[in-house]
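Chemist: Provided herewith is a single structure, encoded as structure tokens, for subsequent inquiry.
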């Protein structure tokens, strides 16, 4: 494969002009198992502490940091003394159960040295795909960020099956990044970026520092995983890049084998930047607005309509009518007082509860429903506001 057939920048000035990590608003860092765990000694504590220093420095500069970490199975098999080689599914799940405790404790301790709090979240890829679970996951991560904690998101390998067999941690990280509106995804692994061919197979492979678009030619360069503990490979990283880039999230693939791997990126050490699309498609909102039939209908007042157009969430106080049979996470159409459809979004309440709280203030909701509930009936991240020219009416 000739490097000339690929869209990339090899000009040194282009590489040096890439933004520093501190200039990003929200970053997701994916950690591969081989970086965290030694097959004999277990957790690589020195490396993890150096990562903690990098995360703390970026947090201090105002960047919201999230970590998607592998390593539970690799660490657990060391803790439990399981033999080398392939594990049966139930052994992998048991290893994950034992390793997860040690891994969470290590992250909490390392981050606490920098006066940062960690919050553990266990996810599988399906948690980012199914609507109700997506809402729960995003709300939890978002709340941790607002409380200035660092979410540490681990694959839930104690119950997962497909993820263990095939490895999808890179794509999980991309889903988390797009779910949370991150503007940068960093994949740290045992390779320092993208080459025209797998460098361990072809010593003449050319390094590609900046990729403008993940084309079929770029995808053809992917090789298999190079490490015993790596469940992915360049292919899954490019799959992650396509997910992230299309949604407006840039991606960096960099080596994590060195200490302070994030600081190394800023120093200009070798890594590959995959640029976000110049015309990003918010696939999540496109799905909401165009690919789902609404299960219900809300009619809102003028004040709520103005709030939606200014980018705010829909609160119960602005809702005047509720119609339809829907459950939390379903798509509903939102109509303004003039009868025109103003928006569509994913409702945060079942229909029966939505009826009870319509028109009520946020501080009344808990008393009315008898449980602590979300402040927004539809969160702005799950809301697509229609163009003003749309002519559909509630009577349709």
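Numbering (my numbering), first residue to last: 12 to 407.
C-beta atoms are modelled at their ideal positions from N, C-alpha and C, and glycine is treated no differently.
1) Less than 7 Å between the beta carbons of residue 69 and residue 29, yes or no?
2) Do you know offhand how far residue 313's Cα is from residue 343's?
3) What did DSSP end up calling residue 232 once you bin it into helix, strand or coil?
4) Tell me which same chain residues have a C-beta within less than 7 Å of the C-beta of residue 188, skipping the five on either side of it?
5) Does the beta carbon of residue 224 fall short of 6 Å from some heavy atom of the ligand MN?
6) Quick check: what's the CA-CA separation for residue 238 versus residue 331?
7) Going by C-alpha to C-alpha distance, which of 311, 184, 48 sits closest to residue 264?
8) Is residue 311 closer than 7 Å to residue 356 when the C-beta atoms are compared?
9) Touch check for the region 108-123 and the region 51-71: three-plus C-beta pairs under 8 Å?
10) Based on the DSSP secondary-structure assignment, which residues constitute the bridge partners of residue 266?
11) Among residues of its own chain, excluding the 5 on either side of residue 146, which ones have a beta-carbon nearer than 6 Å to its beta-carbon?
12) Between 253, 106, 248, 258, which lies nearest to residue 266 when the distance is taken from Cα to Cα?
13) Provide the residue span of the beta strand (DSSP E) that contains residue 256, from first to last.
14) Which residue comes first and which comes last in the alpha helix (DSSP H) that contains residue 367?
15) What is the DSSP secondary structure of residue 41, reduced to helix, strand or coil?
16) Nearest to residue 336 by alpha carbon, out of 321, 158, 307?
17) Compare the Cα-Cα distances from residue 135 to each of 221, 95, 144, 281 and report the closest residue.
18) Taking DSSP as the reference, what is the three-state secondary structure of residue 104?
19) Tell me the DSSP secondary structure of residue 318 in three-state form.
20) In the structure shown, what three-state DSSP assignment does residue 93 receive?
21) Using the Cβ count rule (16 or more neighbours within 10 Å means buried), how would you classify residue 203?
22) Do residue 333 and residue 384 come within 7 Å of each other at the CB atom, strictly closer than that value?
Modeler: Reading it off the structure:
1) no
2) 18 Å
3) coil
4) 39, 196, 255, 260
5) The ligand MN is not part of the structure shown, which contains no ligands of any sort.
6) Its pLDDT being 46, under 50, residue 238 is placed unreliably in this model, and the value from its coordinates should be taken loosely. So the alpha carbons of these two residues sit roughly 58 Å apart.
7) 184
8) no
9) yes
10) 200
11) 340
12) 248
13) Premise fails: residue 256 lies in the alpha helix (DSSP H), 245-257, not in any beta strand (DSSP E).
14) 362-368
15) strand
16) 307
17) 144
18) helix
19) helix
20) coil
21) buried
22) no
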